[in-house]
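Going by my numbering, the sequence shown opens with residue 57, and the numbers climb by one from there.
Where is the CB? At the ideal position from N, CA and C, for every residue including glycine.
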Amino acid sequence: MQYRALHSWDVTPEEARRIQNGLRTQVVRADRFGRINTVAGVDIGLKNDIARASVVVLSFPELQVVDSVVTESPVRFPYIPGLLSFREIPPLLTAFTQLQTEPDLVVVDGQGIAHPRRFGLASHLGLILDKPTIGCAKSRLCGQYEEPESERGSYTYLMDKGEVIGAVVRTRKNVQGVYISIGHRISLDSARTLTLACCRGYRLPETTRYAHNAASIKTLQNTPMIPTP
C-alpha cells in the first residue's frame, strides 16, 4: 500500500505544530468514500525505544480478519500531548506498506479533529494515506460535553469554542462512551454509525481490539515480525 510523503518527520516540536496548522485545512469533513468492504484498525505497542506497529484489516460488515501486519521500528519523536502523530505515524506507515489488502476505511485509536489544532492522529494519517479515517479515542483531549443516555447508540456532541468537534458515543449499555471524531473524508454522522457497526458487545470497536492484541508485547512474543528495512 502506498502513501503520500507530505513532509519530513525529522522535525522539532515547534515545526510539528506548524505542520499541523498548515495541513489541517486539507482535511475533508464530508463523506468521500464508496462501498466499505474492508476496515482497518491500527495500534502501537512500545518497549523501550522500539515501536511495535500493527495494522489489522477486517471484512465489513462481518468483521473477520483478512490481513494483518506487525512491524518493529525505532521511535524518533518524544511523547508530547497533541503531537502523537509525529511519534506514531512513521512506524504505522512501515506496517501499511506491507499490507496485501488495502482497507477502505481506517479506525484509529486516537483523535481526529477533536484536537486543539483540529489535526490529531486520525486526521494526519488519513491525509497521508488519502483514506477515510475515523478517530475513536478512549479519552478526551479537548472539548466539553454532557453525558449521553445509558443505552447503546446514545450520544452527545463534543464541543470546543462553539464548534462541534466530535461525539461521545455509548457503544455498550451502561459503559463509558468513546470519543469519536472526523479523521478525513468522512462526516461525523458516518463516523459514528460506522464505529457502532464495528462494535460487537465491547466498549471498543473490533478494529481497535484486534490491532491492540496484535501490537501487545505478550502477543508479539509468538508473532512473526517484519523488521523495518
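Counting other Cβ atoms within 10 Å of its Cβ, R108 reaches 16 or more and is therefore classed as buried. In the DSSP assignment, the residues bridged to C192 are I236. Beta bridge pairing from DSSP links I100 with A109. As the crow flies, the alpha-carbon of D165 is around 14 angstroms from that of A270. Under the three-pair Cβ rule at 8 angstroms, the segment 105-122 counts as touching the segment 254-266. By the Cβ test, the segment 155-162 is not in contact with the segment 202-213, since fewer than three Cβ pairs between them sit closer than 8 angstroms. Spanning the alpha carbons of V83 and K217 requires a straight line of approximately 19 angstroms.
Beta-bridge partners assigned by DSSP to E219: D216. The three-state secondary structure of P159, taken from DSSP, is coil. Between I145 and I184 a beta carbon distance of about 7 angstroms is seen, short of the 8 angstroms cut, so the two are scored as contacting. Taking 9 angstroms as the cut-off, the beta carbon of V126 is found no closer than this to the beta carbon of L181. Judged by DSSP in its simplified three-state form, E118 adopts coil rather than helix or strand.
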